[in-house]
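S.K.: The structure's right below; bear with me while I get my questions together.
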Amino acid sequence: MRGNFVKMELKEGTLVKSKAGRDKGKYMVAVSFDESHAYVCDGKERPLERPKKKNLRHLQITNKLIDKEKMANNRSLKKALAALTDAQL
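According to my numbering, the sequence shown is numbered sequentially starting from 155.
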């Protein structure tokens with residue numbers, strides 16, 4: 155294990171940042187996951203109807219969570235992401 159870090163738990167609604175791929179640097183929300191992958195959405199390029207499958211190694215997990223009611227549709231998801239990422243930066 156390299157460096158000191160705290161392993162954060164991935165839950166549905168967790169705000170994550172992509173570390174690799176075309177979407178590198180973008181914030182997204184984890185909508186589901188399995189043992190080695192997470193399915194993430196941003197409400198715009200990756201709507202809730204078509205989540206992106208990302209390897210967990212390619213995601214930086216944050217301690218921010220989005221409520222289930224804000225993940226009800228793409229419009230509310232985009233607004234919630236914008237509010238969280240503006241506060242994060």
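Just so you know, even glycine gets a beta-carbon here, dropped at the ideal spot from N, CA and C.
Assign N227 to one of three DSSP states: helix, strand, or coil.
M.R.: The residue you call residue 227 lines up with position 73 of the sequence shown. Residue state, collapsed to three classes: coil.
S.K.: DSSP on L202, reduced to helix/strand/coil?
M.R.: Numbered from 1 along the sequence shown, position 48 holds the residue referred to as residue 202. Coil at L202, not helix or strand.
S.K.: Roughly how many whole angstroms lie between the Cα atoms of K222 and K165?
M.R.: By 1-based counting over the sequence shown, the position of residue 222 is 68. By 1-based counting over the sequence shown, the position of residue 165 is 11. When rounded, the distance between both Cα atoms is 11 Å.
S.K.: K208 to L219, Cα distance in whole Å?
M.R.: Within the sequence shown, numbered from 1, the residue matching residue 208 stands at position 54. Within the sequence shown, numbered from 1, the residue matching residue 219 stands at position 65. For K208 and L219, the distance between alpha carbons rounds to 18 Å.
S.K.: How about K232 and G175: do their beta carbons lie closer than 7 Å?
M.R.: Indexing the sequence shown from 1 puts residue 232 at position 78. Indexing the sequence shown from 1 puts residue 175 at position 21. Contact flag unset, no.
S.K.: Below 8 Å on the Cβ atoms is my contact criterion, and I expect L235 with V170 to pass it. Report the Cβ-Cβ distance as a whole number of Å.
M.R.: Working through the sequence shown from its first residue, we reach residue 235 at position 81. Working through the sequence shown from its first residue, we reach residue 170 at position 16. L235 to V170, Cβ: 11 Å. No contact.
S.K.: Compute the Euclidean distance between the alpha carbons of L238 and T216, then round it to the nearest angstrom.
M.R.: Position 84 of the sequence shown, counting from 1, holds the residue named residue 238. Position 62 of the sequence shown, counting from 1, holds the residue named residue 216. Computed Cα separation, rounded: 11 Å.
S.K.: Count the other C-beta atoms from every protein chain shown that fall within 10 angstroms of the C-beta of K224, then say buried if there are 16 or more, exposed otherwise.
M.R.: Here residue 224 corresponds to residue number 70 of the sequence shown, with the count starting at 1. Buried.
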